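Peer 1: Can you keep this structure in mind? I'll have questions shortly.
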Amino acid sequence: MKQEHILLILVIFICYYIWSLLLPPNVAPDEGMRYQIPAFIYQNGYLPHGADPAVRDPLWGISYGFAPYLAQIIGAGFMKITSAFTIDGFALLMAARMVNVLSATTTVWFAIKISQRIFRGVHRWVFVILIAALPQFIFLGSYVNNDCFAIFASSIIFYAWIIGLQENWPVKSCVMLGIGMGLCAMSYYNAYAWLLTSVILFFFSALIIDREHWRDRKFRIKIYVIAGIFVAIAAWWFIRSYIIYDGDFLGLNITEHYKELYAVDDLKPSNVQTVQQQGISVPSMLISMKWLLLTFCSAIGCFGSMDMWIPYWIYVVYGIIFVLGFIGMLMRFVAFVRSKGERDKAKKWLLGICMLLTMAIPVALSIYYSYTSDFQPQGRYVLSMLLPFMAFVTLGLKTLSEKIIRKQKAQRNAAVCFCVGMILITAYVFVGTYLPAYI
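For what it's worth, my numbering labels the leading residue of the sequence shown as 1, then goes sequentially.
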């Protein structure tokens, strides 16, 4: 990596760490419940049962111990290291938060690596800044959660995809894909679209496009590398869950069981009417109940426990950027379909379809969950799509820029101004919204 890239990553880490350092305990969504897991491991030296009273929330009757929590296991390790110097409560919390500070920073590092392979010139930085300066992404990197860790895992997978498609799946891309898939499996179920699409993309590109064969030893080695690393990282968790939760290896049914047993009456599943049970249609939920609006806005920036919104005009600015990106992307798509003899066209089709799936599936899952279980229009539940979404937006903006602005120097200047503008918006959010709330 170039020296200036290392300096940039260091600056980003410091900025993200400051965001985290300023955030008081228990004001971010579910951090109190999440933090109980690494605190338990730190204090006891073993993983808790999801229904252990020490980690079970008295209101909801459950804990986050039923679902994968590798980020919290790593956080417990950081807490142990920190305890050698101090046992101050906030210092230990910051040690647990450090997992996501590092996850967010490393995601930006992978975004830089990805941009170098799929974009040219200054538009590489448009892609990076759209990710690194997104207020909600920075906020996710400031407290204990699994969402940021899932985005981090997706960045590894996305980078492995790009290398694999460009270089016919060298071993290093297989290693990275196995690591990314393993970490993704241990993060958040909403991000599992990356697992499905990785299987599709790998086998389709290797067997159909590159014409490899099942009996080819080199191809089998690639499969063994990916599968072996994935199993080494994630299999133990699901085996453990299968054993201690009576076959419920995903921990979904057992969660509902204990919620019914121990939640306060108003929160027991049997006493809660879902949107579906109220007879409200999905379109009404999306529009009349403002699911789409709330999810969009909270994916851009919403702090506290979904109660601290950034200035309205910033949502409008991002909305305009996304609309312009969509228009440019449509133009690029039409040109792509009409083009003849474009290099690696089949691989680009495959990559584009898989990217769309990683965007559509988490949105569909979030809609389904809000409709059939708990109405939660939160942008963090769909942000595992962050990298492919911003890649499409960047490509669209680049296409539009090339159509409107003819001179390359003017295009570069426009892109630089755009990047500076996005950074200034984030700085404004930090100074105008975040700092006044938490200092």
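Using N, Cα and C, we set each Cβ at its ideal position, and we do this for glycine too.
Quantities reported herein were computed from a predicted structural model and do not represent experimental measurements.
Which residues mark the beginning and the end of the alpha helix (DSSP H) in which G319 is found?
Peer 2: To locate residue 319, count along the sequence shown from 1; it is residue 319. From DSSP, the alpha helix (DSSP H) with G319 extends over Y312 to R338.
Peer 1: Are there three or more Cβ pairs, one per stretch, closer than 8 Å when the region 78-91 is compared with the region 46-64?
Peer 2: Counting Cβ pairs under 8 Å, fewer than three are found: no touch.
Peer 1: For the alpha helix (DSSP H) that contains R56, what are its first and last residues?
Peer 2: Stepping through the sequence shown from its first residue, residue 56 is reached at position 56. Note, R56: premise wrong, no alpha helix (DSSP H); not H, not E.
Peer 1: Would you kindly check if the distance between the Cβ of I310 and the Cβ of G319 is under 8 Å?
Peer 2: Numbered from 1 along the sequence shown, position 319 holds the residue referred to as residue 319. Numbered from 1 along the sequence shown, position 310 holds the residue referred to as residue 310. In this structure, I310 does not lie closer than 8 Å to G319 by Cβ.
Peer 1: Look up C302 in the DSSP assignment and give the residues it is bridged to.
Peer 2: Stepping through the sequence shown from its first residue, residue 302 is reached at position 302. For C302, which the question treats as bridged, DSSP gives the partners W309.
Peer 1: Going by DSSP in three states, K345 sits in which element: helix, strand or coil?
Peer 2: By one-based count along the sequence shown, residue 345 stands at place 345. Helix, per DSSP.
Peer 1: Output needed for W60: all residues of its chain with C-beta closer than 7 Å, excluding positions within five of it in sequence on either side, in chain order.
Peer 2: On the sequence shown, residue 60 is found 60 positions in, with the first residue counted as 1. Result list for W60: K259, A263 and L267, in chain order.
Peer 1: What is the rounded straight-line gap between the Cα of M331 and the Cα of M181?
Peer 2: Translated into positions along the sequence shown, residue 331 becomes position 331. Translated into positions along the sequence shown, residue 181 becomes position 181. Taking the straight line from one Cα to the other gives about 33 Å.
Peer 1: Taking DSSP as the reference, what is the three-state secondary structure of K2?
Peer 2: By one-based count along the sequence shown, residue 2 stands at place 2. Coil.
Peer 1: Hey, quick one: how far does the alpha helix (DSSP H) through R220 stretch, first residue to last?
Peer 2: Looking up residue 220 in the sequence shown gives position 220. Here the alpha helix (DSSP H) through R220 covers R217 to I244.
Peer 1: Can you name the start and end residues of the alpha helix (DSSP H) that T426 belongs to?
Peer 2: In the sequence shown, residue 426 corresponds to position 426, counting from 1. Note, T426: alpha helix (DSSP H), Q408 to V429.
Peer 1: By the 10 Å Cβ neighbour count, where 16 or more other Cβ atoms means buried, how is G279 classified, buried or exposed?
Peer 2: Walking along the sequence shown from the start, residue 279 turns up at place 279. G279 should be labelled exposed.
Peer 1: Which residue's Cα is closest to the Cα of S205: I163, I243 and S103?
Peer 2: Here the question's residue 205 lines up with position 205 in the sequence shown. Selected option, being the one with the closest Cα: I163.
Peer 1: Taking I129 and M422 to be in contact with their CB atoms under 8 Å, please state how far apart those CB atoms are, rounded to whole angstroms.
Peer 2: Translated into positions along the sequence shown, residue 129 becomes position 129. Translated into positions along the sequence shown, residue 422 becomes position 422. The Cβ separation is near 5 Å, so the contact holds.
Peer 1: I'd like to know whether the C-beta atoms of G50 and G251 end up nearer to each other than 8 Å.
Peer 2: The residue labelled residue 50 in the question sits at position 50 within the sequence shown. The residue labelled residue 251 in the question sits at position 251 within the sequence shown. Yes, the Cβ-Cβ distance between G50 and G251 is below 8 Å.
Peer 1: Let me know if G45 comes out buried or exposed under the rule of 16 or more other beta-carbons within 10 Å of its beta-carbon.
Peer 2: By 1-based counting over the sequence shown, the position of residue 45 is 45. That one is exposed.
Peer 1: What three-state label does DSSP hand N190 in the structure shown?
Peer 2: Translated into the one-based positions of the sequence shown, residue 190 becomes position 190. Of the three classes helix, strand and coil, the one that applies to N190 here is helix, per DSSP.
Peer 1: Helix, strand or coil for Q378? Go by DSSP, reduced to three states.
Peer 2: Residue 378 sits at position 378 when you count from the first residue of the sequence shown. Correct three-state label for Q378: coil.
Peer 1: I believe G304 touches I226 by the beta-carbon criterion, under 8 Å. Please report the beta-carbon distance rounded to the nearest angstrom.
Peer 2: Translated into positions along the sequence shown, residue 304 becomes position 304. Translated into positions along the sequence shown, residue 226 becomes position 226. Not confirmed; about 40 Å, so no contact.
Peer 1: Using a threshold of 8 Å, state whether the C-beta atoms of R97 and Q72 are closer than that.
Peer 2: For the purposes of this step, residue 97 is identified with residue 97 of the sequence shown, where counting begins at 1. For the purposes of this step, residue 72 is identified with residue 72 of the sequence shown, where counting begins at 1. No, the pair does not count as a contact, with Cβ atoms beyond the cut-off.
Peer 1: Which class does S205 belong to by DSSP, given the choice of helix, strand or coil?
Peer 2: Locating residue 205 in the sequence shown gives position 205, where the first residue counts as 1. S205 falls in the helix class under three-state DSSP.
Peer 1: State buried or exposed for K345, treating a residue as buried only when at least 16 other CB atoms are found within 10 Å of its CB.
Peer 2: Here residue 345 is taken as the residue at index 345 of the sequence shown, counted from 1. So K345 ends up on the exposed side.
Peer 1: What's the C-alpha gap between M329 and F392?
Peer 2: The sequence position of residue 329 within the sequence shown is 329, counting from 1. The sequence position of residue 392 within the sequence shown is 392, counting from 1. Approximately 7 Å, taken between the alpha carbons.
Peer 1: Could you check what DSSP says for H213 in three-state terms: helix, strand or coil?
Peer 2: Counted from its first residue, the sequence shown places residue 213 at position 213. Reduced to three states, the DSSP call for H213 is coil.
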